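In what follows, a single structure is set out as structure tokens and then discussed.
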Amino acid sequence: MEPGRVPKDFIIKSGTRLCKAACPACDDSPLSTTGNITGILTFTLGLIASCVAFFFITRNANTEIQSLLDIVNETENHIIQMAKHIGRLDLRHSPDFVEMRNLLIDSLRRFKEAQRETRTHLKSFEKSGSPWTYIRWWYMEKETAAQIARLQGYNQRITAIQLTFLLRTTDNQSNEILKNIIPVREDLENKG
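Written out as structure tokens, the structure reads:
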């Protein structure tokens, strides 16, 4: 073939060269070409929609993280207040407290451990606006919710222990009062 000459198997139409010999499948119909373009556009739209959905899912990540940290802090403050109130009571001679003391101490220890783990976990996401942090947050959201639920479970357990202790103490005091009132009532009835 001579340089500068176009071979017979090339078709020249309005300045464009198409090769039939090198690509026999290039004779696609307009409908096939439209389908290919539609497929590419659909893929692009799906990719953009995924990115937009991810953005909307993770756009409040910092707010959610701060909200969960607030829950951890509120729960910790609640436990601290309960511990202060229990600490103010003179419980050395209370048989109920002696019986429940180990259970309460174990629950407080577990609560503090769970609280520390949860706070560390949440702080690892805090103050980072990178998309990778948001991806990690989205991926770990259920695990984080489980940690918060565990923390609140310990809070409820400690509250239940406290209420049980108060109920037992109230019952014991009521029984003591009744023991003291019955002899006084009998004395009054005998004198009257």
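Using my numbering, you'd call the opening residue of the sequence shown number -8 and step up by one each time.
C-beta atoms are modelled at their ideal positions from N, C-alpha and C, and glycine is treated no differently.
Just so it is clear, the structure is predicted and the values come from calculations on it, not from any experiment.
Query raised in the report: How many Å lie between M91 and I62 at the Cα?
Result: For the purposes of this step, residue 91 is taken as the residue at position 100 of the sequence shown. For the purposes of this step, residue 62 is taken as the residue at position 71 of the sequence shown. Going by the C-alpha atoms only, they are around 27 Å apart.
Euclidean distance between Cα positions of I172 and R107: Locating residue 172 in the sequence shown gives position 181, counting from the first residue. Locating residue 107 in the sequence shown gives position 116, counting from the first residue. If I take the Cα positions, the gap works out to 50 Å.
* To do: Tell me whether S41 sits in a helix, a strand or coil according to DSSP, three-state version.
  => Here residue 41 is taken as the residue at index 50 of the sequence shown, counted from 1. Here S41 sits in helix by DSSP.
*Pick helix, strand or coil for F156, following the three-state DSSP scheme.*
As a first step, residue 156 is located in the sequence shown; it is residue number 165 there, counting from the start. Secondary structure of F156 (DSSP, three-state): helix.
Taking DSSP as the reference, what is the three-state secondary structure of F34?
By one-based count along the sequence shown, residue 34 stands at place 43. Looking at F34 - three-state DSSP - the assignment turns out to be helix.
- Query: Under the rule that 16 or more other beta-carbon atoms within 10 Å means buried, what is W123, buried or exposed?
  - Reply: Position 132 of the sequence shown, counted from the first residue, corresponds to residue 123. That one is exposed.
Three-way DSSP call (helix, strand, coil) for D61 in this model = Here residue 61 corresponds to residue number 70 of the sequence shown, with the count starting at 1. Helix, per DSSP.
Just mark L32 as buried or exposed, buried being the case when its beta carbon has 16 or more other beta carbons within 10 Å. What you label residue 32 is simply residue 41 of the sequence shown in a count that begins at 1. It is exposed - the Cβ of L32 has fewer than 16 other Cβ atoms within 10 Å.
**Asked** Would you call L95 buried or exposed, if buried means 16 or more other Cβ atoms sit within 10 Å of its Cβ?
**Response** The residue you call residue 95 lines up with position 104 of the sequence shown. Result: buried.
(request) Specify the secondary structure class of N51 as computed by DSSP and reduced to three states. (result) Along the sequence shown, read from residue 1 onward, the residue named residue 51 stands at position 60. If DSSP states are grouped into helix, strand and coil, N51 belongs with coil.
Inset, instruction - Mind the definition here: the segment 124 to 142 touches the segment 37 to 54 only if three or more C-beta pairs lie below 8 Å; say whether that holds. - result: Cβ pair count under 8 Å is three or more, so yes.
| Does the separation of the CB atoms of S85 and T160 fall below 9 Å? | In the sequence shown, counting from the first residue as 1, residue 85 sits at position 94. In the sequence shown, counting from the first residue as 1, residue 160 sits at position 169. By the CB criterion at 9 Å, S85 and T160 fall inside the cutoff.
- Helix or strand or just coil, what does DSSP make of I117? Against the sequence shown, residue 117 aligns to sequence position 126. Before going on, a small fix: residue 117 reads as Glu here, not Ile. DSSP places E117 in coil when its eight states are reduced to three.
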